[in-house]
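Novice: Input: one structure, supplied below.
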Amino acid sequence: DGGITQSPKYLFRKEGQNVTLSCEQNLNHDAMYWYRQDPGQGLRLIYYSQIVNDFQKGDIAEGYSVSREKKESFPLTVTSAQKNPTAFYLCASSTSDRRYTFGSGTRLTVV
Amino acid sequence: GQQLNQSPQSMFIQEGEDVSMNCTSSSIFNTWLWYKQDPGEGPVLLIALYKAGELTSNGRLTAQFGITRKDSFLNISASIPSDVGIYFCAGQTNYGGSQGNLIFGKGTKLSVKP
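Protein chains in written order, with the working numbering: chain A, 1 to 111; chain B, 1001 to 1114.
Given below as structure tokens:
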């Protein structure tokens, strides 16, 4: 079955560390997205990529970085420059019809 | 970025009740979608709407693409306990620098009446 997989489900980060969240899809979708979800805030777009080797900043890109070397993979790095990284992170992919398919999320906590 | 106004923010349901929620925008949208998110999981697509005036059902769920293209409604009939969760509307527009990406409302949280 095709789908989108995020790992790990839970991640703990120490102050000053960079951490990378994985997102892999086997849906053959061209576009991939990263969202951050905080309670009461809805979904806020961090980065998106519409094609391999190209990506664009979303509304809250500061303190994050991404790469898109393969169609199937869109990892997100939360850098030490992100001052408030504790949140639920969602990855999604889509074709041109914009029916986003979401992963099950990664909950990142700073300890 | 652009905003979708989703209301209500939260509501309590009693089993068997009908539920309504809506999203509005000042911009015209080409596509409206409705998602449901269970706790600790990613949103799952419920209904997608592509034409103004379109009315689409998925079981007990019915959604409409507003005729002005600036709003959408989701109704749930005869609610059951597993309907609890957060419902998000999302719209796609080519205006306002969104690059055609989906814009999400802040969600309507459905809970069971104590």
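Idealized CB from N, CA, C, for every residue including glycine. The model shown is predicted, which means the values in this text are computed figures rather than measured ones.
1. If you follow the beta strand (DSSP E) that residue 1074 of chain B is in, where does it begin and where does it stop?
2. At a CB-CB cut-off below 8 Å, which residues of chain B make contact with residue 41 of chain A?
3. Among all the DSSP beta bridges, which residues are the ones paired with residue 148 of chain A?
4. Quick one: which residues of the segment 1047 to 1066 of chain B get their C-beta closer than 7 Å to a C-beta of chain A? List them in chain order.
5. How is residue 54 of chain A classed by DSSP in three states: helix, strand or coil?
6. Anything in the segment 46 to 66 of chain A with a Cβ closer than 9 Å to a Cβ of chain B? List those residues in chain order, please.
7. Would you please verify whether the beta carbon of residue 102 of chain A is less than 8 Å from any beta carbon of chain B?
8. What does the alpha-carbon distance come out to for the pair residue 63 of chain A and residue 105 of chain A?
9. Is residue 1079 of chain B helix, strand or coil by DSSP?
10. Return the chain-ordered ranges of every beta strand (DSSP E) run that is complete within the segment 1018 to 1054 of chain B and spans a minimum of 3 residues.
11. Interface residues of chain A around residue 1029 of chain B at Cβ under 7 Å?
Specialist: Reading it off the structure:
1. By one-based count along the second sequence, residue 1074 of chain B stands at place 74. Its beta strand (DSSP E) spans residues 1071 to 1076.
2. Here residue 41 of chain A refers to the residue found at position 41 of the first sequence. Going along chain B in sequence order, the residues near residue 41 of chain A (Cβ under 8 Å) are 1106.
3. Examination of residue 148 of chain A is not possible in this model, given that chain A is present from 1 through 111 alone.
4. 1048
5. Position 54 of the first sequence, counting from 1, holds the residue named residue 54 of chain A. Three-state result, residue 54 of chain A: strand.
6. 48, 50, 56, 58 and 59
7. Locating residue 102 of chain A in the first sequence gives position 102, where the first residue counts as 1. Chain B, which has a Cβ nearer than 8 Å to the Cβ of residue 102 of chain A, makes this yes.
8. Looking up residue 63 of chain A in the first sequence gives position 63. Looking up residue 105 of chain A in the first sequence gives position 105. The straight-line gap from Cα to Cα measures roughly 19 Å.
9. The sequence position of residue 1079 of chain B within the second sequence is 79, counting from 1. Three-state DSSP puts residue 1079 of chain B in coil, outside helix and strand.
10. 1019 to 1024, 1031 to 1037 and 1044 to 1049
11. On the second sequence, position 29 is the one that residue 1029 of chain B refers to. Neighbours of residue 1029 of chain B on chain A: none; closest Cβ ~11 Å, over 7 Å.
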